[in-house]
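Numbers -25 to -1, 1 to 165, taken from mature numbering (1 follows the signal peptide of the UniProt record, and there is no 0), label the letters of the sequence shown in order.
Glycine included, every Cβ here is placed at the ideal spot set by N, Cα and C.
As structure tokens, the structure follows; a few thoughts come after it.
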Amino acid sequence: MTGKRKLLAAASSVALAVFATSADAAVLIQGTGFWGSNTSTTAVSRANQSFQFSFDLPDTITAAAGYAFTSAISNFSFSLNGVALSAVPSEIRFYSSANNGLFDMVLNGVNLRLFGADVGSNGTLGPSGGYNFTAAVNGNGATGLGVTTVTSLAAAVPEPAVWGLLILGFGMVAGRMRYRRRQPTQLRFA
């Protein structure tokens, strides 16, 4: 390998390490509950039936106008009485306890409101653990009770920048071990 190629390879490795995207941690939110006897029948609720949901969020959530925090949702699932539904969330908003706490989900046009705990009042999701909540569908006062757990999931692999630096460091060590300083030829007489 010529000197220019070595320089190009080293520069490419450094650029890859510097400009690689990070492997962010995610926050997993899971909830289980039971709809009360007065709950209206909608796409996501039925009286006297259990419900379950889960979704992932980035580690930090961004503040929207006013008091709500909105964020992208991924890996969403919702089941009613053990049957998975194809409910598609169009938004989720987190609120502080001053605004009745927890969050709203809009699923297939149905507003599912969970309130009674403070998750995300400062722009980041609260500590891992369980939260009791009350649920209402479309604000009609029908309630369900349940527990929501918030779990922070760390990235399973090192960030790409770390990998780039590790490879660059090992490459430099290996190159140094292979390199031999050339000695000028000396003529000696005995």
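If Val112 sits next to Val85, beta carbons under 8 Å apart, how far is it from one beta carbon to the other, in whole angstroms?
Reading the sequence shown from its first residue, position 137 is the one you call residue 112. Reading the sequence shown from its first residue, position 110 is the one you call residue 85. Sure, about 6 Å apart at Cβ, within 8 Å.
Over what stretch of residues does the alpha helix (DSSP H) that includes Leu162 continue unbroken?
Counted from its first residue, the sequence shown places residue 162 at position 187. Run containing Leu162: none; DSSP gives neither H nor E here.
What residues in its chain sit with their C-beta under 7 Å from that of Thr(-5), if we drop five residues either side in the sequence?
Your numbering for residue -5 matches position 21 in the sequence shown. In this predicted model, Thr(-5) has a pLDDT of only 49, less than 50, meaning its place in the structure is not dependable enough to derive any value.
Look at the alpha carbon of Gly150 and the alpha carbon of Val137, and state the distance between them as a whole number of angstroms.
On the sequence shown, position 175 is the one that residue 150 refers to. On the sequence shown, position 162 is the one that residue 137 refers to. Their backbone Cα atoms lie some 20 Å apart in a straight line.
Helix, strand or coil: which one does DSSP assign to Val19?
The residue given as residue 19 occupies position 44 in the sequence shown. Residue state, collapsed to three classes: coil.
Measuring alpha carbon to alpha carbon, tell me which of Asp31, Gly6, Leu55 and Phe28 ends up nearest Ala22.
Residue mapping note: residue 22 aligns to position 47 of the sequence shown, counting from 1. Nearest of Asp31, Gly6, Leu55 and Phe28 to Ala22, Cα basis: Leu55.
Select from Asn83, Ser15, Arg88 and Ser65 the residue whose C-alpha is nearest the C-alpha of Gly6.
Here residue 6 refers to the residue found at position 31 when the sequence shown is read from its first residue. Residue Arg88 is the option with its Cα nearest to Gly6.
Count the other CB atoms within 10 Å of the CB of Met147; is the residue buried (16 or more) or exposed (fewer)?
Counting from one through the sequence shown, the residue named residue 147 turns up at place 172. Counting Cβ neighbours within 10 Å, Met147 comes out exposed, since fewer than 16 surround it.
Does DSSP put Val137 in a helix, a strand or coil?
Taking the sequence shown and counting its residues from 1, the one referred to as residue 137 is at position 162. Correct three-state label for Val137: helix.
Can you look up Ile48 in the DSSP assignment and give me helix, strand or coil?
The residue given as residue 48 occupies position 73 in the sequence shown. The answer is coil: DSSP assigns Ile48 none of H, G, I, E or B.
Alpha carbons only, please: which of Gln24, Val81, Ser65 and Phe53 is nearest the one belonging to Phe9?
Taking the first residue of the sequence shown as 1, we reach residue 9 at position 34. Selected option, being the one with the closest Cα: Gln24.
DSSP three-state call for Val148: helix, strand or coil?
Residue mapping note: residue 148 aligns to position 173 of the sequence shown, counting from 1. In the structure shown, Val148 sits in a helix (DSSP, three-state: H, G or I).
Does the Cβ of Val63 have 16 or more other Cβ atoms within 10 Å, making it buried, or fewer, making it exposed?
Within the sequence shown, the letter at position 88 stands for residue 63. With fewer than 16 other Cβ atoms within 10 Å, it is exposed.
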